[in-house]
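Undergrad:
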Amino acid sequence: MKKTFLHKLLIGFSAIAIFVYGAIYACAGGDDWGIEFDTNFTPETFVDKSYTPLFLSTDLFFYGIGFDDIHNSRFNDEIVQDWSDFLKGKMDDKTVKFFLIDSRAVDVAKLQSFYISQKNNPISDKWSKKIDLNDRKISSFITFLALSKQIETASVGDANNWSYEPVAQKKFNDIKLIKAIEKRYNTVSDAFLKNRYWFQTVKAYFYSGDKQSTISFFQKTENTVLKNTLYYRALAYIAGINFKNKNYALSNYQYSQVFDKCPAMRVVAAYCFRPQENLDWNQSLAMAKSNEEKAALWAIQGYYGDEQKAIEKIYELQPKSEHLDYLLTRLVNNQEKKLNEYNPDQKTIDKFKKSNDSLSIINNALVNRIALAENTSKPHLWDIAAGYLETLGGNYLQADKYFDKAEAKMPKTPLAINQLRLLQFVNNLSKIKNINSENQKTILQDLQWLYEELPKQELSNFRYQNASNWSKIYLSNLYKSQNNNVMAELFVRNSNFYDNENDLHAMKTFLAKENKTVLEKIAQKIYNVTLFDINEYQSVAAAFQNKIPDAIAYMQQTDRLQLEKFQGNPFNGNVKDCHDCDFVAYQKRKYSQIEFLTTVKEMQDKVTKNKDVYTNCILLANAFYNITYFGNARIFYEGNIIGAGSSPYGFKNKTREMITNCSIPKMYYEKAFEAAITDEQKAKCQFMLAKCGRNEYYNQQYDPKKDSWENETAVENSKVNFLAWNGFKNLKNNYSKTKFYQEVIAECGYFKTYVSKAKK
Amino acid sequence: MKKTVVSLILMLLLTACKEQKTPAIAFYYWKTIFSLTSSEKNTLKENKVKKLYLRYFDIDLSSKSEQPYPQSPICFKEKSIDFTIVPVIYIKNKVLLSKSINVENLAKKTNDFIQQINTKNQLSCREIQIDCDWTLTSKDNYLKFITCFKKISGKKLSATIRLHQIKYFKKTAIPNVDKGVLMYYNMGKIAPDSLNSIYDESIADRYLKSIKKYPLSLNIALPIYSWAIHIRENKVIGLKSKIAISNLKRDSNFVGITQNSFRVKNNNYKNGTFYKANDLLKIESVSNIDLLEMAEDLHENIANIPDEIIFYDLDELNTEQYEKDIFTQVINRF
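Right under this line is the structure:
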């Protein structure tokens, strides 16, 4: 049977709340529930998994699960286990599960009718072949199911379907059935069955909405029942009623008991625990009858914000309390989050600098005190936490001592071993303020482990990615401060690095050298730029400066990159700039990058020798046009160093200026025009010059104050369509009789509009 | 002389025209249980409200099955409803971003669910409104949903339009609906800074000029809600919708630091929320003056007088913060 704990009674969820959650959720900016801060401390390492949803999460609500929505299935496994034990030898586990969880109520109803009427029916015939229907335990089970499944009509809800229930809260109104269940509770002698009927009676009263009867039945009987899961589930119903009745102090006290004693309901209790004012919270504390009960109240209260105070109180009351574990992880994760606030850019070398925040100092002192006392149930957890907080505070040697202590005592689970190693690494790297051949030995093995081995292992939940990123930034900054730009670049790529000629050459020398140190090898392994990439970059830069022999020389040193083929013919110049059209157009010859450059060189040589000047110049102009952002051969400049993208605004300024600059094609179109003989040739040159003019206009629209999207929208909304450039004017005034003119009119709407407007 | 007469007649005509076209007052009702307090009933009566935009349900994506489902459908406690009702369906953008979404099927299910609600509560409607903050990546699915839904429902369809969708409509596209509702609120981020996320005239200014160019006929939705943003260590940790400044001023656990923000002095519980020492509460609201300013700015920048001004949302906790005749004052500025 699916059991449920519904606290609809408590939650008058208004849609405004949902609207509001949506708004914050949107701001949080992601679908992942969990952590948004830089963290090296994995709470899963030492804390029982019943606390997992209560770990520090920067999103709404709970860590890992978001919202708790397993109300219909939370206890399925436990219920199946309980009944399987009861029916041992009489019914196999699979069948028990079928009746409890999977069966439609119809099988149970038919079997029950068989018991009442003693007449066979098809369902009883079917089951009698598999189980002994006359067995007393089996008949008790079926009778129990027949009664209790009826309550599920009110208690089990499927909010995720497309069938409309026009009521805010379903009720179970069959008083006769409630009485029948209660009667069973009173009369049945088997202790197991009695306990189950007891719970069903509380549940039936609860869903009937008869708050008073629920409470009085519970109060009358609670001392006689076992304090097992069923008891705490029933107690949660009572706590819910007390909340609805505005008995907040009692309700919260009861929820703290559920939190303390029923691990499966920790997340439910934490959700429902809602002190309203200081007064009722203090009253709840006064209700606690023992230190253990007081500690439970502080444990659940600590979830909502002040874990430091909760730890202090619980430690005072019950130092061996398991609740301390999860609160400690929240405290440490909160300290990490706070460090993010101090160093939001995460770039500074002093990320782990000692913060002067008074609360942090109090927290460290508290954790140190408890770690030193060694009287909690998991002293190693306190040692690790104390060590890490010492690292965060800049006391690296003190941290070492705590970590050594932890290592001696902690359980050697893979997660624990990795966690400790990670924190020791963070501490060791933090000690290095000036890197040299001696101190780098302390981190070499860990760096290899962090960058190469860990990503291959499947250690779920282990938070090592931050240490990986941080170590790269930290090392990069160290090298920067020691003027070693190459090593700084290897650990963190800088988009402007290759703008500096000296750095570029230093990097080439480094990549080419044979005898690298271990750290240099590690650094090169994580660096994704190769010598070939750099040569390609130099080749592109040379080509954009019209230094073709240089471009060829560099391109020849690029391994396979030089063989990459253009998708369209880079020597074509069409009326429309249309990549896709050029890509699918018939191409007699497919040019590779190196062939392209050598062909350009041949043409340039011919121009120098005055051979076929018009044709060569216009082909050269087309070639230089096509390798700009506007042409059909963007592939030429796209690469590991320059990057790629469909919008010029996505590139850094220097690159954007380079790839949008049409001055070289313009120069060649002008040369071609000068050498042109026929009007057709001249018309074509004029139109191509107009294209260059239009592109220049676009380039001038760029506003560095706007982001790339705004820049793009601004260009799209501008009046550029109807502006005329000299090329348009010349074409219209001097070459309107040419065939090319007609081609342009047919294909270029801008020009057509310009011409028609000019006529008016 | 002739010219003067013509202008006078024109002026009269324009004035007459304008008077006829004063927008109607309408409200959004955004709670899951429809039940009006006497104060809310009064507001409706005094403002001669004929139309209520009722949030029927949200469409969310189930975290388990990844399938869309109707979240928190409305439940009617109020039996006699003397208003024209427009069901509003809020579709979360992530539903439309889902890779497995079948838009046509979703449109069918949505229409069917509205019918179920109407049948079970003996209601009928002639118009349905879709509310969705669609993005460039969900645009295609959203437009398709609207087209399918219009065909399936056969009703008049309206859709909410955010300011950025007005300004960049060529990119964000215009849904194929009969009417748009410009949401003139939610202008900024819910953030610890000093700006007001509900309404900020300087942000509004960036968009106002675009409204005239928007090709779809628009009604206008204006905000009357307020809330307090609960901030801890410079991070927003919650929103409180029932906080009165006067109450905070009286409470020694809170210290006023600016006109609309408070610092928590000691750990304390208040109205069911735990406030930690040094937490901040920033109150965001829209004043009478703000509302009138919005009306004037909009009036200057819209192509046509809207048929309705819809206030978000009808709740006595909201309406009690304003002068009684504020809604009439606002529509008279149009």
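Chains as they are written, first to last, in this note's numbering: chain A, 386 to 1145; chain B, 413 to 746. Heads up, the beta-carbon is just placed ideally off N, CA and C, and yes, glycines get one too. Bear in mind that the values here come from a model prediction, so they are computed numbers and not experimental data.
Should P660 of chain A be flagged as near chain B, meaning a C-beta pair shorter than 8 Å?
TA: Taking Cβ atoms only, chain B reaches closer than 8 Å to P660 of chain A, which makes this a yes.
Undergrad: Pairs of beta-carbons, one from the region 462-474 of chain A and one from the region 810-828 of chain A, closer than 8 Å: are there three or more?
TA: Judged by Cβ distances under 8 Å, the region 462-474 of chain A makes no contact with the region 810-828 of chain A, as fewer than three pairs qualify.
Undergrad: Would DSSP call W512 of chain A helix, strand or coil?
TA: W512 of chain A: helix per DSSP, three-state reduction.
Undergrad: N546 of chain A touches chain B at which residues, Cβ-Cβ below 7 Å?
TA: What N546 of chain A touches in chain B: Y481.
Undergrad: Under three-state DSSP, which class holds E696 of chain B?
TA: In this structure, E696 of chain B counts as strand in the three-state DSSP scheme.
Undergrad: Terminal residues of the continuous beta strand (DSSP E) containing L575 of chain B?
TA: Here L575 of chain B belongs to no beta strand (DSSP E); instead the alpha helix (DSSP H) covers L575 to K579.
Undergrad: Are the Cβ atoms of V587 of chain A and T572 of chain A separated by less than 8 Å?
TA: Not closer than 8 Å, so no.
Undergrad: Helix, strand or coil: how does DSSP classify T584 of chain B here?
TA: T584 of chain B falls in the helix class under three-state DSSP.
Undergrad: Select from A:I450, A:G690, A:S977 and A:E701 the residue whose C-alpha is nearest the C-alpha of N718 of chain A.
TA: It is A:G690.
Undergrad: Comparing the C-beta of Y580 of chain B with each C-beta of chain A, is any distance below 8 Å?
TA: Answer yes: the Cβ-Cβ gap between Y580 of chain B and chain A drops below 8 Å somewhere.
Undergrad: Please name the residue or residues paired with I437 of chain B in a DSSP beta bridge.
TA: According to DSSP, I437 of chain B bridges with B:I721.
Undergrad: Does the Cβ of F686 of chain B have 16 or more other Cβ atoms within 10 Å, making it buried, or fewer, making it exposed?
TA: Its Cβ being crowded by 16 or more others within 10 Å, F686 of chain B is buried.
Undergrad: Please say whether A1061 of chain A and F1113 of chain A have beta carbons closer to each other than 8 Å?
TA: Contact flag unset, no.
Undergrad: Looking only at C-alpha atoms, which of A:W855, A:N885, A:Y976 and A:L615 sits nearest to N812 of chain A?
TA: For N812 of chain A, the nearest C-alpha among the options comes from A:W855.
Undergrad: Give the interface partners of Y689 of chain A over in chain B, defined as CB-CB distance under 7 Å, in chain order.
TA: Correct list: F686.
Undergrad: Going by alpha carbons, who is nearest to T538 of chain A out of A:N580, A:Q503 and A:A589?
TA: Considering only alpha carbons, the answer is A:A589.
Undergrad: Can you tell me which residues form a DSSP beta bridge with S977 of chain A?
TA: Answer is A:K950, bridged to S977 of chain A.
Undergrad: Would you kindly check if the distance between the Cβ of N598 of chain B and the Cβ of W754 of chain B is under 8 Å?
TA: The shown model of chain B, from 413 to 746, leaves out residue 754 of chain B, and the question about it has no answer.
Undergrad: Does the beta carbon of Q528 of chain B sit closer than 8 Å to a beta carbon anywhere in chain A?
TA: Closer than 8 Å to some Cβ of chain A, the Cβ of Q528 of chain B qualifies, so yes.
Undergrad: Looking at the strands, I want to know which residues DSSP matches up with D470 of chain B.
TA: D470 of chain B pairs with B:Q483 and B:Y502.
Undergrad: For the beta strand (DSSP E) containing P764 of chain A, name the first residue and the last one.
TA: Segment P764 to G778 is the alpha helix (DSSP H) holding P764 of chain A; no beta strand (DSSP E) there.
Undergrad: Pick helix, strand or coil for N631 of chain B, following the three-state DSSP scheme.
TA: Residue state, collapsed to three classes: strand.
Undergrad: Hey, quick one: how far does the beta strand (DSSP E) through I542 of chain B stretch, first residue to last?
TA: Taken as a continuous stretch (DSSP letters only), the beta strand (DSSP E) holding I542 of chain B covers E539 to D543.
Undergrad: If distances are taken between C-alpha atoms only, which option among B:P499, B:A519, B:F674 and B:L448 comes closest to K563 of chain B?
TA: When only C-alpha atoms are compared, the closest one is B:A519.
Undergrad: When the distance is taken between beta carbons, is D768 of chain A closer than 8 Å to A784 of chain A?
TA: Cβ distance not < 8 Å, so A784 of chain A and D768 of chain A don't count as in contact.
Undergrad: Among the residues of its own chain, which have a CB less than 6 Å from the CB of L508 of chain B, if the five just before and after it don't count?
TA: Excluding sequence neighbours, L508 of chain B sits near S550, N553 and Y554.
Undergrad: Please compile the residues from chain B whose C-beta is within a distance smaller than 7 Å of the C-beta of K556 of chain A.
TA: The premise fails here: K556 of chain A is roughly 13 Å from chain B at the closest Cβ pair, so nothing lies under 7 Å.
Undergrad: Put V811 of chain A into one of helix, strand or coil per three-state DSSP.
TA: The answer is helix: DSSP assigns V811 of chain A an H, G or I state.
Undergrad: Going by beta carbon distance, what residues of the same chain come within less than 7 Å of E567 of chain A, once the five residues before and after it are set aside?
TA: T586.
Undergrad: So, helix, strand or coil for K682 of chain B, using DSSP?
TA: Three-state result, K682 of chain B: strand.
Undergrad: Report the residue from A:D1092, A:E1097 and A:C1077 whose alpha carbon sits nearest the alpha carbon of W1110 of chain A.
TA: For the residues A:D1092, A:E1097 and A:C1077, the minimum Cα distance to W1110 of chain A belongs to A:C1077.
Undergrad: Short of 6 Å in beta carbon distance, which residues of its chain neighbour I979 of chain A, apart from the five on each side in sequence? Order them along the chain.
TA: Correct list, in chain order: M940 and Q947.
Undergrad: Kindly indicate the opening and closing residues of the beta strand (DSSP E) around V676 of chain B.
TA: Unbroken beta strand (DSSP E) run through V676 of chain B: S673 to V676.
Undergrad: Which two residues bound the contiguous alpha helix (DSSP H) that contains R581 of chain A?
TA: Taken as a continuous stretch (DSSP letters only), the alpha helix (DSSP H) holding R581 of chain A covers A576 to S593.
Undergrad: Can the beta-carbon of I501 of chain B be found closer than 8 Å to that of F469 of chain B?
TA: Yes, the pair counts as a contact, with Cβ atoms nearer than the cut-off.
Undergrad: Compare the C-beta of W666 of chain A against all C-beta atoms of chain B and say whether one is closer than 8 Å.
TA: Interface residue, yes.
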